[in-house]
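Quick note on numbering: full-length UniProt numbering labels position 416 of the sequence shown as 416, and the sequence is numbered without any gaps.
This report concerns only the one structure given below.
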Amino acid sequence: MSPPDYSDASRSISRASSVYFENSSSSSSARNPLSQSSCASGFLQHISPGTTESRSPYTPSVASYGAISSLAPTSRPSTRPSTASGRRSRAASASSILGFSDSQSVVCAVSEARGVTPSVGVAFVNVSHGEVVLSQICDNQSYVRTIHKIQMACPSRIIFMASSCPPARPSTLYSLIDDLIPEAHIEAFDRSAWSETAGLECISTMAFVNDIEPIKVALSGKFYATSSLAAIMKYVEGHFNVRFSPHSLRVRYEPSEDTMMIDISAIQSLEIMQNSRTAKSKDCLFGLLNHTATPMGSRMLRSNMLQPPTREDSFISPRYDALAELTTNEEMFHEIRKSLKLFHDAEKLLTKLIILPATTDVGFVEEQISQVLMVKSFLESVSGLHKALQPAQSTLLSKVRDLCSPEITTPVLGRIRRTIEADVTYMKSPLDLRNQRTFAVKSGINGMLDVSRQTYKELTEEVHQHVDELNETCSVAAKLKFDNGRKYWLRIKAADIDEANMPTVLINLVRKKNDIECQTLGLVKLNLRLSDTYNEVIIRSDQVIQDLMAELRREAPHLFRVCESVALVDMISSFAQLATTRDYVRPEITGTLALKAARHPILDKARNQYRRSATGELTHPQALSASFIPNDYYSTSQYCFHAVTGCNMSGKSTYIRAAALLQIMAQIGCFVPAEYASFPIIHNIFARVSLDDNIEANLSTFSVEMREMAFILRNVDNKSMAIIDELGRGTSTRDGLAIAIAMAEALIQSQASVWFATHFVELAKVLSDRPGVLNLHLAATTSTTDEGIPHITMLYKAALGSIGEESYGINLARGMGLPPSFIAKAEEIANDLRVKRKANQQTSVSRKLVSRRQLILDLYEALRQARDSGSEEALPGYLRRLQMEFIQHMEELDKM
């Protein structure tokens, strides 16, 4: 019995073909409802999971971090210990690789237990978004999981206990972080700040009231995470002079097993967050998926892509259900997208609200008035989203609708409207914003405030009257303008005035292109009087605004949950935008990776755009998908190692990278470009695809390759996926082939899902007898032109078996116009090597024995999958076909 028919994956998965691919549009088994989280923010914890770390028992050395150690430098603080050689430069910073374009301030505290199996507690405070994340990691001696988690957060500062930092003997973790995360400023902090009691007190005073007990339960027995919280809160308050309002801070505990780990090397080489050639290009996975309408949704999408969830019932299946509903209910989808366009970045706004001011001045009061107006605008927009979600039936969308219900938002909005004028909204232009701040508070609340505003109004009228008089007296057409620096000023067309006889009343003249900008002495005086009056209005508004701000801080838990709900809907609607325009399908979560007619998501998008621009019109998505050759994928425990061969430019790299990108899309809850898709839950993705050297680290291409492979081999397990491209090409052919075969053997033993592209045809032949190996090749055809020149046609289609003996490289060289004598000599050498290989091949008896063993293994796997398929109707027919095929293949072997 041969390996599964790769062109028809229905014979290769755990059901009969009538159950899998012919009914691929049917929904998967019943999904469990969305469970409540045991930590902060209830069910919304499921939408922004924390980092998971590799759970392999292997322990890599310091040198095995691969590209994780190739990060770009920033200027290091002078407090760092200096070295004679200086710090190495890096090609790219972690924040740029991970796509953190928006500015954020993240501070991290690290506490470690020095033992045989060290435990590490980490606490992150995102001062920009008002969020605290805690984790305690049971790590290995090289701290792979801890370093990965810190890298994903991109902190600007990291604090350690003083006993772990120079001038004392630095701990191993300190040394690794100092070397591998160079853009972070590391500081020593006093040992007394690391207190479990103080950490629990911080939770009791800072966390949302309803989340205090769940968080304490989650942190039970986790001393190092709790003490890190105490240290980081004391550090933020002391060094940044930042205090948060009581019971207003989002605090959550992230277990280390709920998300996938993707190391930075894989993120960069697979182009997950940014294009490898052009950083600003949208030709990357994030650029493909990011159709979000709010900054909150974009941040949630980025967080999920860097750390895809691994819990199907709580994370993935509810998102599939919500996405399926949005793709089928077009009217609800359009209403949701329309309502999302009205939202500001409410997370940053609410964070400013909950930070207690150290000092207050006119500028601070101005900002608070603007914040209240933005909260008002945000809450008014929530009602539109709630209305758009009325038809929702899925668990996730229904929960979001409940969190956005008027019962939650109306009381807060009503309190604002009792203080703020109903028709006042947040404006962006300087003059409109100034006027809105002036007249934001309702009349009648403060009598002196009303008097000051009347004075402001009268002075504004005087300004306009002064300009009218100026235009009439000087016979000019001056236009009144305003900015925050000059306040009111005038603009006059240069063509409308004689510059030689400029009116003496005009001062501060500035020529800008065809305009003259100026002021008058009377206008300057009015500006001064207006500024004094405006400041008086703002100061008198302060007491009213402060009372309102105190009430808004008490509602911060509800408002933050509404923000998270908006971000979640935004992300799901972004997936819906893509799925409906690109003809994507809903995946199933099983134990098998089985894809039929799958397409590389980024290249599929790029080719569709090219075809649209070339024709000037957008055709049907199914017609567009024809521009990219789809392929099938199949991976189970029996066929977990895929040796992919093929000639140059045949699409090997594209083929194997697509497997990882589609896996990430499926685990974040997005549909995928395929006719049918089934995915397992993967906990780690590794990639070794780059052929670059590292001059800064004095490492050749082969050295970088071996270092990254050491990291992969020590951390890969049966819940991992590894993408390996052209391993061993950086050294001699013999050594490269030997190393590639040895590493391939280790990857096979790990039972990870491995996609191994290589030009070493010998590797595919040597491994063909190993259990778990499936040989594939990207097909191509060779023809001869009328002039006798070979022409290679790439089919870009994966087929069973390794590449044949055709001299693709020599034919390609001949087609490029190399001298005939060179081609003749190359063919002579290739034929000689081919004859020597044939002489060393196995005898026919040994080949028959190996083939029989493989047939029996195939039969076992097929029977096991048939048992687990759950399709009793299709099972008898499938077993009869299986029996006939087995007998037929055994007879063919006997005739050999």
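Cβ coordinates follow ideal geometry from the N, Cα and C atoms, glycine included.
Paired residues, beta bridge with residue i - DSSP
i	result
Phe-641	Val-754, Val-773
Gln-136	Gly-121
Lys-149	Note: Lys-149 sits in no beta bridge, so no partner.
Met-261	Asn-684
Val-110	Val-122
Lys-481	Trp-489
Asn-631	Ala-598
Tyr-253	Leu-134
Pro-309	Thr-259
Given residue i as reference, the closest of the options once Cα atoms are compared
i	options	result
Arg-881	Leu-863, Lys-895, Leu-893, Glu-892	Leu-863
Asp-450	Ser-541, Ala-293, Thr-636, Ile-602	Ser-541
Ile-186	Ser-398, Ile-158, Ser-802	Ile-158
Ala-579	Val-566, Tyr-534, Ala-674	Ala-674
Asp-211	Glu-564, Pro-357, Tyr-253	Tyr-253
Leu-506	Cys-518, Ser-653, Leu-559, Asp-858	Cys-518
Pro-155	Cys-202, Arg-169, Leu-98	Leu-98
Glu-462	Val-835, Leu-530, Asn-501, Gly-815	Leu-530
Lys-596	Leu-662, Glu-555, Lys-457	Leu-662
His-466	Leu-523, Asn-514, Lys-487	Leu-523
Asp-583	Gln-543, Tyr-676, Phe-160	Tyr-676
Arg-770	His-558, Glu-536, Pro-819, His-642	His-642
Leu-229	Leu-559, Leu-288, Glu-196, Val-537	Glu-196
Met-206	Leu-326, Pro-557, Ile-803	Pro-557
Glu-183	Val-850, Ile-150, His-344	Ile-150
Assigned secondary structure, residue i (DSSP; H/G/I helix, E/B strand, else coil)
i	result
Met-161	strand
Cys-518	strand
Gln-663	helix
Arg-529	helix
Cys-404	coil
Val-412	helix
Tyr-488	strand
Glu-892	helix
Leu-44	With a pLDDT of 39 at Leu-44, under the threshold of 50, the modelled position of this residue cannot be trusted; read the value that follows with caution. If DSSP states are grouped into helix, strand and coil, Leu-44 belongs with the helices.
Lys-280	coil
Phe-208	coil
Leu-882	helix
Phe-21	Only weak support exists for where Phe-21 lies, its pLDDT of 35 falling under 50; the coordinates are left without a value.
Ala-550	helix
Lys-442	coil
Leu-863	helix
Asn-648	coil
Phe-679	strand
Phe-189	strand
Tyr-198	The amino acid at residue 198 is misidentified as Tyr; the sequence shows Ala. Note: Ala-198 maps to helix in three-state DSSP.
Ser-245	coil
Pro-49	For Pro-49, the pLDDT reaches just 39, beneath the cut-off of 50, and the residue's location in the model is therefore unreliable, although a value from the coordinates is still provided. Of the three classes helix, strand and coil, the one that applies to Pro-49 here is coil, per DSSP.
Ile-887	helix
Ala-346	helix
For residue j and residue i, believed in contact at Cβ under 8 Å, the rounded distance
i	j	result
Leu-285	Ile-602	6 Å
Tyr-534	Arg-415	At roughly 26 Å, the Cβ-Cβ gap does not stay under 8 Å, so Tyr-534 and Arg-415 are not in contact.
Leu-778	Ser-650	4 Å
Arg-191	Ser-163	6 Å
Ile-336	Val-644	At roughly 41 Å, the Cβ-Cβ gap does not stay under 8 Å, so Ile-336 and Val-644 are not in contact.
Ile-823	Ala-813	6 Å
Arg-250	Val-122	About 17 Å; that fails the 8 Å criterion.
Met-427	Asn-684	That belief does not hold up - the Cβ atoms of Met-427 and Asn-684 are roughly 49 Å apart, past 8 Å.
Val-689	Asp-725	4 Å
Leu-301	Leu-288	With a Cβ gap of about 11 Å, Leu-301 and Leu-288 do not count as contacting.
Any non-hydrogen atom of the ligand MG closer than 8 Å to residue i Cβ
i	result
Asn-527	For the ligand MG, the structure offers nothing, since it holds no ligand at all.
Beta carbon proximity, residue i to chain C, threshold 9 Å
i	result
Ala-231	This model lacks chain C altogether, as it is built from one protein chain only.
Task: Contact the region 311-320 vs the region 581-589: 3+ CB pairs below 8 Å - done: yes
Open item on the list: Check whether the region 407-417 and the region 388-395 are in contact - that is, three or more C-beta pairs closer than 8 Å.
Closed with: no
- [ ] Please confirm if the region 231-251 is in contact with the region 143-152, defined as three or more CB-CB distances below 8 Å between the two stretches.
- [x] no
Task: Touching by the beta-carbon criterion (3+ pairs, under 8 Å), the region 302-312 and the region 343-351 - done: no
Task: Touching by the beta-carbon criterion (3+ pairs, under 8 Å), the region 123-136 and the region 174-184 - done: no
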